[in-house]
Amino acid sequence: MAKTSIDLIDEVDMFPYAETDPDAFTKMNAGLYTLVWRDSQGTYPIGYILDRVARELHQVPEEVRGEMECDDERKTIVLFQEHTEEQRTRRAATLADYWRKNGTFPLLRRWRDELWPVYGRSGELLFSMERAAIGLLGTVRYGVHMIAYVKDDAAPHGIRLWVPTRARDKATFPGMLDNTVAGGLMTGEDPFECVIREADEEASLPDDIVRNGAKFVGNVTYIYITDEGQVGEGGFIYPECQWLYDLELPNNVIPQPKDGEAEKFDLCDVNQVKADLAEGRFKSNCALVTLDFFIRHGILTDGDDPEIEQIKRRVRRDIPFPDQAHRGEIESSTLRIIGGNKAVLAWVSLMWPRASGNTKAHGGGEEL
């Protein structure tokens, strides 16, 4: 059966909504602890820890894990309260390495030697942690996605998109379709510079073409839940924030595989992309980014899809933790206990949208 746009959104924005499915939301939260952080203003949430991770934390020697506060009634955990970011990052590394060496979580078999950031509500870096391990804490993950396209008056909607096929030997989502360029954002890395790096490494796109032509067009946010078949271990909660860029390419600039991430690049018209989406050939978050591209470019409208307003809301979901795309713009946060003090519901009211770092459109163009 062909997948609808909402089907595709459901496959990436998977954490239940309290407003529309309170029973599923309560059930989900019953299996979670909330990782909380303390600062001069009080306590606030920064991540979701599964019950099975919480149990393993109790088994880790304190000299490895550091001091931990666990409130089983409120289902909250406090970790990594050392005085400096450097000390906290070292502590997180010690814990992750301990679990890796002991084979505690299959998730850690895909160790990347990349540090990913965890930010506080004022935009400060709290600590960094190995990319493969940070999912154990359920903190916000960051990345960049860029869709490159060419103008073609003869094509439907006047454009064609450069669509890569992921390498068949990739550990995650092998052989699926992707966005032209995409990658994770490491600690200290500027989103725009990350796009330029990934564009060279994945698609052989020249620095000057990307630097002068790529336009920042906003962020998407969603909460993914891992699947064992794709990432090695199921059920982990991944709140994600992606910086999006569009790049119009001239006809004579053709993306080419370079680092082995992509098997090939195809120049596809909109109808072909729609067919591939309906067949489920796109990696899940890349499908979401592509739908956002279609909405922004007037390809997907109210007349095409009666669920478009829901799609717009869900590709820019409020995440209940601080994220770098909205630093300094948190208006309020409320932590309330539901379900007989057995689950934590964290709500953060955010102003949307905002970019971080490079907020203007690059290459002199306007944001779309």
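Sequential numbering from 1100 applies to the sequence shown in my numbering.
Note that CB positions come from ideal geometry on N, CA and C, so glycine has one too.
Predicted model only: the values in this text are computed from it and were never measured.
Do residue i and residue j have their C-beta atoms within less than 8 Å of each other?
i, j, result
"Lys1382", "Phe1272", "yes"
"Met1214", "Met1285", "The sequence given here places Leu at residue 1214; Met does not occur at that position. Contact: yes."
"Trp1342", "Asn1311", "no"
"Asp1368", "Ala1254", "yes"
"Val1046", "Leu1260", "Residue 1046 is absent from the model: the chain starts at 1100 and stops at 1467."
"Glu1339", "Gly1242", "yes"
"Lys1200", "Leu1131", "no"
"Asp1218", "Asp1417", "For the sequence presented, residue 1218 should be read as Tyr rather than Asp. The answer is no: Cβ separation not under 8 Å."
"Val1316", "Val1294", "no"
"Lys1102", "Ala1424", "no"
"Ile1353", "Ile1105", "no"
Mind checking residue i: buried by the 16 CB within 10 Å criterion, or exposed?
i, result
"Arg1413", "buried"
"Arg1408", "The question names Arg, but residue 1408 in the sequence shown is Glu. The residue is exposed, with fewer than 16 neighbouring Cβ atoms inside 10 Å."
"Val1249", "buried"
"Thr1183", "exposed"
"Glu1168", "exposed"
"Ala1270", "exposed"
"Asn1128", "buried"
"Pro1290", "buried"
"Pro1349", "exposed"
"Leu1288", "For the sequence presented, residue 1288 should be read as Glu rather than Leu. Per the 10 Å Cβ criterion, buried."
"Arg1209", "exposed"
"Met1275", "buried"
"Thr1320", "buried"
"Ala1361", "buried"
In chain order, what residues of the same chain have a beta carbon less than 6 Å from the beta carbon of residue i, not counting five sequence neighbours either side?
i, result
"Val1280", "Met1245, Glu1297, Ala1298, Glu1301 and Ala1302"
"Leu1399", "Phe1393"
"Asp1277", "Pro1263, Arg1265, Lys1382 and Cys1385"
"Leu1505", "Since the first residue shown for the chain is 1100 and the last is 1467, residue 1505 is missing from the structure and cannot be characterised."
"Lys1363", "Thr1264"
"Ile1145", "Leu1134, Trp1136, Thr1238 and Phe1420"
"Gly1283", "Gly1242"
"Ser1227", "Thr1188, Leu1214, Pro1216 and Thr1286"
"Val1388", "His1244 and Asn1278"
"Ala1153", "Tyr1132"
"Asp1401", "Ile1407"
"Asn1370", "Pro1255"
"Ser1139", "none"
Could you pull the DSSP bridge partners for residue i from this structure?
i, result
"His1244", "Ala1281 and Leu1343"
"Lys1250", "Ile1258"
"Ile1324", "Ile1336"
"Ala1361", "Arg1265"
"Phe1226", "Val1217"
"Ile1176", "Leu1134 and Cys1169"
"Phe1381", "Leu1276"
"Ile1407", "In DSSP, Ile1407 forms no bridge with anything."
"Pro1144", "Val1135"
"Val1319", "Gln1341"
"Asp1368", "Arg1259"
Rounded to a whole number of angstroms, what is the C-alpha to C-alpha distance between residue i and residue j?
i, j, result
"Leu1390", "Phe1335", "25 Å"
"Asp1268", "Arg1211", "16 Å"
"Arg1230", "Arg1220", "21 Å"
"Ala1374", "Asp1403", "14 Å"
"Pro1419", "Leu1134", "12 Å"
"Arg1164", "Pro1216", "19 Å"
"Glu1162", "Gly1222", "29 Å"
"Leu1366", "Arg1380", "16 Å"
"Asn1440", "Ala1192", "Legend: pLDDT at Asn1440 = 28, less than 50; position of this residue unreliable, value from coordinates given subsequently. Rounded to whole angstroms, Asn1440 to Ala1192 spans 32 Å at the Cα level."
"Asp1150", "Ile1258", "47 Å"
"Asp1196", "Gly1202", "10 Å"
"Asp1252", "Arg1190", "56 Å"
"Glu1172", "Gly1397", "49 Å"
"Ile1108", "Pro1115", "12 Å"
"Met1113", "Ala1123", "11 Å"
"Met1100", "Pro1405", "19 Å"
"Tyr1344", "Glu1292", "12 Å"
"Gly1359", "Glu1118", "43 Å"
"Asp1307", "Gln1355", "16 Å"
"Pro1121", "Arg1415", "20 Å"
Got a sec? Which residues, its chain only, sit under 8 Å from residue i by beta carbon, not counting five neighbours each side?
i, result
"Arg1137", "Val1177 and Gln1180"
"Tyr1337", "Gly1234, Gly1237, Arg1240, Ile1322, Tyr1323, Ile1324 and Thr1325"
"Trp1198", "Glu1155, Val1159, Phe1204, Leu1207, Ala1232 and Leu1235"
"Lys1357", "Asp1299, Glu1300, Glu1301, Ala1302 and Ser1303"
Just to check, is the beta-carbon of residue i closer than 7 Å to a non-hydrogen atom of the ligand HEM?
i, result
"Gly1287", "Summarising the ligand content, the structure contains no ligands, and the ligand HEM is consequently not present."
In chain order, what residues of the same chain lie with their CB nearer than 7 Å to the CB of residue i, ignoring the 5 residues before and after it?
i, result
"Ile1148", "Leu1131, Tyr1132, Leu1134, Ile1176, Leu1236 and Gly1237"
"Glu1166", "Gln1180"
"Tyr1143", "Val1135, Trp1136, Arg1220 and Ser1432"
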